[in-house]
Amino acid sequence: YHAPDEITGISQEIMADLLTAWTAFEPDAPASPFAAHLADHRDWAGDHPAPPGVLRRALAFWTRLHGVLSLELAGHFTGMGFDPALLFQAELDGLVGREG
Numbered sequence: 438y439h440a441p442d443e444i445t446g447i448s449q450e451i452m453a454d455l456l457t458a459w460t461a462f463e464p465d466a467p468a469s470p471f472a473a474h475l476a477d478h479r480d481w482a483g484d485h486p487a488p489p490g491v492l493r494r495a496l497a498f499w500t501r502l503h504g505v506l507s508l509e510l511a512g513h514f515t516g517m518g519f520d521p522a523l524l525f526q527a528e529l530d531g532l533v534g535r536e537g
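Sequential numbering from 438 applies to the sequence shown in our numbering.
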């Protein structure tokens, strides 16, 4: 499967915005092994100069929220007895460091 160009173009724009946003929040810290791997495999980030930690955070943000939203839209949470909106908010809070 290869997504249509208009979809991949939109996704690339969203990822560029996420990379820019996370760059403002990422402290200087040693890169995790996966972040270091992403630094060497960054085709998906285009020409964005984001450091390795930002690559990891932006990718985690995209995949976790996209995953929860996709599962909800496909009805996979139906009958599980919890509020998917609360799950989405909890994931968002965790990703931006507002866990409580």
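Ideal placement from N, C-alpha and C gives every residue a C-beta, glycine not left out. Quantities reported herein were computed from a predicted structural model and do not represent experimental measurements.
- Around the CB of valine 533, fewer than 16 other CB atoms lie within 10 Å, so the residue is classed as exposed.
- Per the C-alpha coordinates, the member of Ala461, Phe525, Arg535 and Leu524 positioned closest to leucine 492 is Ala461.
- By the Cβ rule, the region 441-457 counts as touching the region 476-489, because three or more pairs are nearer than 8 Å.
- Annotated as proximal: leucine 502 and leucine 529, with beta-carbon spacing under 9 Å.
- Secondary structure of proline 488 (DSSP, three-state): coil.
- With a threshold of 16 other beta carbon atoms within 10 Å, alanine 472 meets it and is buried.
- Secondary structure at arginine 479: coil, using DSSP grouped into helix, strand and coil.
- Judged by DSSP secondary structure, methionine 452 falls within the alpha helix (DSSP H) whose first and last residues are 442-462.
- Around alanine 468, the same chain offers Pro489 and Gly490 as residues with beta carbons nearer than 6 Å, after the five sequence neighbours per side are excluded.
- Excluding its 5 nearest sequence neighbours in each direction, alanine 495 has C-beta neighbours in its own chain below 6 Å: Leu455, Leu456 and Trp459, listed in chain order.
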